[in-house]
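Chemist:
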Amino acid sequence: MSFSLLEVIAIFGVVLFLFFGFYLLKVETNKKLTNTLLAIYFFVIALDCSSFFYHKFLSFPYWLEILRMEGLAGLKSPLFYLYILSLLYENFKLKKIHLLFFTPMLLKFLILIPSFFLKDIEGQRTFLYNYYDQPESIFFNVMGWGEAFIVYFASFYQLYRYKAIIKQNYTNANSLINYNWLKKYLWICVVSTLIAFIKTNYRFMDGDIQVTINLIIFMLVSMILYVSWMFSKALFAPQIFQGINSNLVTEGEKLDEFKSENCAEENLKTDARVAIILNWMESEKPYLEPDLTVQKLATQLDMSARELSEVLNKELDKHFFDFVNEYRIKEAMKMLTDSGKKKYRIQEIMYDVGFNSKTPFNTAFKKYTSQTPSQYRNSAEIQSVV
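Given below as structure tokens:
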């Protein structure tokens, strides 16, 4: 029994995806649901890839073959979106409403009842052998790609919402590193899907079979590399993506809610609230806590988190993230120019002022001073000598 290059790559991919999936189910983690969704996603991809070689070992009834073709295609987008949601929100749970994501797949099977499932064996065979010329197949193709790109749009929306919530509620810069990682991940998915879109539609246009095979090989190799990257992130860097509480909302959502209520918190005058916040920041220095959140600071100030966010956003024109980091940078500037702290390494100062990562510290420092911490310290030393 001989195998083509396409079949060899597909077999390797299936073995790899199955290994990744079972490993994710077995490994101990506090993100069990996320790993489970990713594992199922890998299993679906593995079954999809098996279509390139399984006919050499097995034969299935026609009805099972159509279930494989359209069922697997209908599972990918919903599983992908649920995986994204489970990454973004630490308290994400599956609910009955999430079953609605699978309605396009159900619609496909309903459409196939009269044209395929109610046919005899010969009718099913004819339908499958001419599948890509059938109007149902063309409709499913359009619907499938439409669903995929809607899911990507929704995923990017959730991602940018996540970024807004992070800047308004958290000061841990690792959260924005998480955002950048997932943004790259989504763009890789979009590019991969576009390549698959070109391949599929080239086949529908009766393109050269060898070109189609080459595109499929390219897709499989890309998918293997892409899934391996996903697996490495999920396994070796689980801390890189810690979700946020799904009950948190963006500043715009807070404003809409705020306008619809008569809030007792508004009894405090705006100037008084601003003064309370600024005085507390100067006297108690809560910004030195690395994991300070808007909820923690609001509790210290005896305010609601919504009220604190309103004041920062409207009166000071700052997000919580930028507001706190400004105090941290000012504190770092003092320490860098303090003659009594000349022996302090920059990394020690970074930790002392509330940062826990070098890159975010350098980025924030340069934003406020137009210099790196090293440049700022050196220029201060030169000025003191002069």
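Numbering (the UniProt record's numbering), first residue to last: 1 to 386. Each residue gets a CB set at the ideal place from its N, CA and C atoms; glycine is no exception.
Around the Cβ of K56, are there at least 16 other Cβ atoms within 10 angstroms (buried) or fewer (exposed)?
Modeler: Label assigned to K56: exposed.
Chemist: Taking only the alpha-carbon atoms, compute the straight-line gap between Y202 and Q168 and give it to the nearest angstrom.
Modeler: 46 Å
Chemist: Within 10 angstroms of the Cβ of V8, are there 16 or more other Cβ atoms? Answer buried if so, exposed if not.
Modeler: exposed
Chemist: When the Cα of R328 is compared with those of E310, K285, S309, which residue comes out closest?
Modeler: K285
Chemist: Can you tell me where the alpha helix (DSSP H) holding E282 begins and where it ends?
Modeler: According to the DSSP assignment, E282 belongs to the alpha helix (DSSP H) that extends over 270-284.
Chemist: For the structure I just gave you, are there three or more beta carbon pairs, one from the stretch 360-372 and one from the stretch 322-338, closer than 8 Å?
Modeler: yes
Chemist: If you draw a straight line from the alpha carbon of A154 to that of E28, how long is it in whole angstroms?
Modeler: 30 Å
Chemist: Roughly how many angstroms lie between the CA atoms of M230 and G21, to the nearest whole one?
Modeler: 11 Å
Chemist: On the DSSP bridge assignment, give the partners of T293 in chain order.
Modeler: Paired residue(s): Y170.
Chemist: How many Å lie between P114 and K108 at the Cα?
Modeler: 11 Å
Chemist: Using C-beta distances below 7 Å, list every residue in its chain close to E65, excluding the 5 sequence neighbours before and after it, in chain order.
Modeler: L128
Chemist: Helix, strand or coil: how does DSSP classify Y89 here?
Modeler: strand
Chemist: With a 10 Å radius around its C-beta and 16 neighbouring C-beta atoms as the bar for buried, classify K95 as buried or exposed.
Modeler: It counts as exposed.
Chemist: Output needed for K296: all residues of its chain with C-beta closer than 8 Å, excluding positions within five of it in sequence on either side, in chain order.
Modeler: Excluding its 5 nearest sequence neighbours in each direction, K296 has C-beta neighbours in its own chain below 8 Å: P286, E289, listed in chain order.
Chemist: Check whether the stretch 8-17 touches the stretch 216-225, taking contact to mean three or more Cβ pairs, one atom from each stretch, closer than 8 Å.
Modeler: Yes, they touch.
Chemist: What is the DSSP secondary structure of N214, counted as helix, strand or coil?
Modeler: In this structure, N214 counts as helix in the three-state DSSP scheme.
Chemist: Along the alpha helix (DSSP H) that carries Q347, what are the first and last residues, could you check?
Modeler: 346-352
Chemist: Does the Cβ of L312 have 16 or more other Cβ atoms within 10 Å, making it buried, or fewer, making it exposed?
Modeler: buried
Chemist: Find the nearest neighbour of A272 within the set I111, L301, A164, I121, judged by alpha-carbon distance.
Modeler: Nearest of I111, L301, A164, I121 to A272, Cα basis: L301.
Chemist: Taking the beta carbon of V14 as the centre, do at least 16 other beta carbons fall within 10 Å, making it buried, or is it exposed?
Modeler: buried
Chemist: Mind checking Y160: buried by the 16 CB within 10 Å criterion, or exposed?
Modeler: exposed
Chemist: Within its chain, find whatever has a CB closer than 7 Å to the CB of L336; leave out the 5 residues flanking it on each side and keep chain order.
Modeler: Taken in chain order, the residues that qualify are I349, P373, Y376, R377, A380.
Chemist: Taking C-alpha atoms, which residue in N356, T299, K184 lies nearest to N325?
Modeler: N356
Chemist: If we ignore side chains and look at the alpha-carbon of each, how far apart do P360 and I213 end up?
Modeler: 45 Å
Chemist: Distance check for Y54 and V227, CA to CA, integer angstroms please.
Modeler: 21 Å
Chemist: So what does DSSP say about A39, is it helix, strand or coil?
Modeler: Reduced to three states, the DSSP call for A39 is helix.
Chemist: Return helix, strand or coil for K184, following the three-state DSSP convention.
Modeler: Note: K184 maps to helix in three-state DSSP.
Chemist: Please determine, among N35, K163, L194, the residue with the shortest C-alpha to C-alpha distance to F80.
Modeler: N35
Chemist: From G354 to M223, what distance separates their C-alpha atoms?
Modeler: 40 Å
Chemist: In whole angstroms, what separates the C-alpha of A196 from that of L33?
Modeler: 28 Å
Chemist: Here's a check: name, in chain order, each residue in its chain whose Cβ is nearer than 6 Å to the Cβ of L268, leaving out the five neighbours to either side.
Modeler: Interpretation of L268 is limited by its pLDDT of 47, a score under 50 that renders its predicted location unreliable; the figure taken from the coordinates is listed afterwards. Cβ within range, chain order: n/a, list empty.
Chemist: With a floor of 4 residues, list each alpha helix (DSSP H) that falls wholly inside the stretch 61-112, ordered by position along the chain.
Modeler: 62-66, 72-88, 103-112
Chemist: Nearest by alpha-carbon distance to N362: which of E136, L308, K341, M333 is it?
Modeler: M333
Chemist: So for N30, helix, strand or coil by DSSP?
Modeler: coil
Chemist: Going by DSSP, what residue range makes up the alpha helix (DSSP H) through D322?
Modeler: 320-336
Chemist: For N356, name the three-state secondary structure that DSSP assigns.
Modeler: coil
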